[in-house]
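Notes follow once the structure below has been shown.
2 protein chains.
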Amino acid sequence: MDKNPSSRSLKTAKRPRRPAEADPTRNKLLNVAGRIFAHRGYQAATIREISIAASVNVAAVNYHFGDKLGLYTEAVQQSLQAAEIEAVQNALEQSAPLEDILRAVIHARLRSICRGDRPDWHFRILAHELAQPTPALQQLIDEVGRPLFTRLLELIGKMIGLPANDEKTRLCTISVMGQIVVYVFASPLLQGAWPELKMTPKQVERIADHIADFSLSYIQGYRTMISVQSIKATKRAVKPRASK
Amino acid sequence: MDKNPSSRSLKTAKRPRRPAEADPTRNKLLNVAGRIFAHRGYQAATIREISIAASVNVAAVNYHFGDKLGLYTEAVQQSLQAAEIEAVQNALEQSAPLEDILRAVIHARLRSICRGDRPDWHFRILAHELAQPTPALQQLIDEVGRPLFTRLLELIGKMIGLPANDEKTRLCTISVMGQIVVYVFASPLLQGAWPELKMTPKQVERIADHIADFSLSYIQGYRTMISVQSIKATKRAVKPRASK
DNA sequence: GCAAGAGTAAAACACTTGTTTGAACTTATC
DNA sequence: GATAAGTTCAAACAAGTGTTTTACTCTTGC
Chain A
472 MDKNPSSRSL KTAKRPRRPA EADPTRNKLL NVAGRIFAHR GYQAATIREI SIAASVNVAA
532 VNYHFGDKLG LYTEAVQQSL QAAEIEAVQN ALEQSAPLED ILRAVIHARL RSICRGDRPD
592 WHFRILAHEL AQPTPALQQL IDEVGRPLFT RLLELIGKMI GLPANDEKTR LCTISVMGQI
652 VVYVFASPLL QGAWPELKMT PKQVERIADH IADFSLSYIQ GYRTMISVQS IKATKRAVKP
712 RASK
Chain B
472 MDKNPSSRSL KTAKRPRRPA EADPTRNKLL NVAGRIFAHR GYQAATIREI SIAASVNVAA
532 VNYHFGDKLG LYTEAVQQSL QAAEIEAVQN ALEQSAPLED ILRAVIHARL RSICRGDRPD
592 WHFRILAHEL AQPTPALQQL IDEVGRPLFT RLLELIGKMI GLPANDEKTR LCTISVMGQI
652 VVYVFASPLL QGAWPELKMT PKQVERIADH IADFSLSYIQ GYRTMISVQS IKATKRAVKP
712 RASK
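For the record, the sequence lines run as chains A and B. Residues in the first sequence are numbered consecutively from 472, following my numbering. Residues in the second sequence are numbered consecutively from 472, following my numbering.
Written out as structure tokens, the structure reads:
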């Protein structure tokens, strides 16, 4: 009757057989649960399905994680740690030209999205969370959404010469993020409307480059417009060069 | 024992009490089901929850619609008919300048998304379908996704001077769509990252204008670049005017 | 060697789900 | 008014869910 993992980790030197968190059934459960939760969502996934896939007993879930939600939150946590958010972070922290940083961020994010193996779990989970939130949604937002968003805000803010909390900065950041996440959330829809689209690594690079070009066109145009003209064009349509 | 609605509509002159499809419980059920399905998704919504909310007996669902899926598909169907897709269609078919048409389409789509009443159902349903597809997903794609997408492809194709099935046309179209749908799918995430964001009609107009400006910057720049230079810049980064 | 506890396994439990049943009610048609 | 079909209702059903119980195995520390 030691269902609470925290109490077990406290007296880790006393009696527990297994070293610390290297319990084989625990890990099997976490891995399988991550995959199944990512594919079917929290509600649709059953602990029996997970237990069978992990070749462990049903009661093991409740024994090791208390209940289904405990397993889910730990699986989500692990999926986040395994995610390559750091690749994006790294791209954001180098001292290259801002345009190159933005391009690198877009590439990293899109690359992490479009692969079938584990790192895409956290985005599938996020999609499920948006459709049917669980108590883990807030954690996902805090640990994935907001950090990336605020960093992107600062980067794009610098590029267009406005503070990070300016409305225009936010709108531009959401525009960039929207172009990326649409390839996750709307992928079945895109498959239906564009069957030839295959998410090969090469194609992903082409898409990322397009998103960067598409976004930089406005961002760079906005900066020059802001700097050339002093303050006037904040409401009307923005056409970087009315050369026509 | 006349559970099949089609058989009832056939012999509509023979015996049926109710005119045709003006059955009060049927309609109550459809309305309530549309709302609940849109909010909670197909799996999470229960027919008991729907029946109670509609103040009808549980068995009425199976009597009138055969089973839960029958109710769902009919509710989705009705939600699609009620949707103001026609507003977008109308915007697409007027003979105004292409830029104005694109802007009108973005406005119409974003406007239909960001309201709490019925018309936003079909987008909520779409989000749920993407997370956990049901047999109704294909219908949603066929009746909502693809038509709008192909029309947008033609419009943007004309704007950048490329055929509708060109890869660049598709990428641009997805970029525009992504900026729109992100406000639906990621709305809880945006709420967390940008709490001040309130989707008032005025704010929605500002967002729509931004998306139009953001997109037109690249689209217009791409067309002029294509027309000035003959054929050369199809792979490298696209900067509308390398004026720096 | 042996008691104690960690961990596992099978079964049962309590609950919710979609669906069905069969009787009661309603109403048009004769 | 009688009949028959459409329609509603409460109740029950069968399947599936998360969870708990109970017995059992096996290592660990004395």
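Virtual Cβ for every residue (Gly too), placed ideally from N, Cα, C.
For Gln-514(A), the chain B residues whose C-beta falls within less than 8 angstroms of its own C-beta are Gln-514 and Ala-515, listed in chain order. Of all residues in the region 602 to 629 of chain A, only Ala-602, Gln-603, Pro-604, Leu-608, Ile-612, Gly-616, Arg-617 and Phe-620 come within less than 7 angstroms of chain B when Cβ atoms are compared, listed by chain position.
For Thr-671(B), there is no enclosing alpha helix (DSSP H), since its DSSP letter is neither H nor E. Per DSSP, the continuous alpha helix (DSSP H) segment holding Ala-504(A) begins and ends at 495 to 515. Thr-671(A) and Ile-682(B) have their C-alpha atoms roughly 28 angstroms apart. Leu-551(B) is a Cβ neighbour of Glu-614(B), given a cutoff of 7 angstroms. Around the CB of Ala-530(B), fewer than 16 other CB atoms lie within 10 Å, so the residue is classed as exposed.
For Tyr-689(A), the closest C-alpha among the options Ser-526(B), Gln-691(B) and Phe-685(B) is that of Phe-685(B). The residues Ala-546, Gln-549, Ser-550 and Trp-592, in chain order, have a CB closer than 7 angstroms to that of Gly-505(B) in the same chain once the five nearest residues on each side in sequence are set aside.
Taking the CA atoms as reference points, Ala-602(A) sits about 16 angstroms from Thr-517(B). At a cut-off of 7 angstroms, the C-beta of Arg-519(B) has no neighbouring C-beta in chain A. Identification of chain B residues near His-599(A) by a Cβ-Cβ cut-off of 8 angstroms yields Ala-602 and Gln-603, ordered along the chain.
Flagged as an interface residue toward chain B: Phe-685(A), by a C-beta distance shorter than 7 angstroms. Residues of the same chain with a CB within less than 6 angstroms of the CB of Leu-633(B), apart from the 5 flanking positions on each side, are Lys-639 and Thr-640 in chain order. Below the 7 angstroms Cβ cutoff, chain A contributes no neighbours of Met-670(B), its closest Cβ being approximately 13 angstroms away. In the same chain as Met-630(A), and ignoring 5 residues on each side of it, the C-beta atoms closer than 8 angstroms to its own belong to Leu-569, Glu-570, Leu-573, Ile-690, Gln-691 and Arg-694, in chain order.
Collapsing the DSSP output to three states places Leu-633(B) in coil.
With its beta carbon at least 7 angstroms from every one in chain A, Phe-508(B) lies outside the interface. Here DSSP, grouped into helix, strand and coil, assigns Ser-688(B) to helix.
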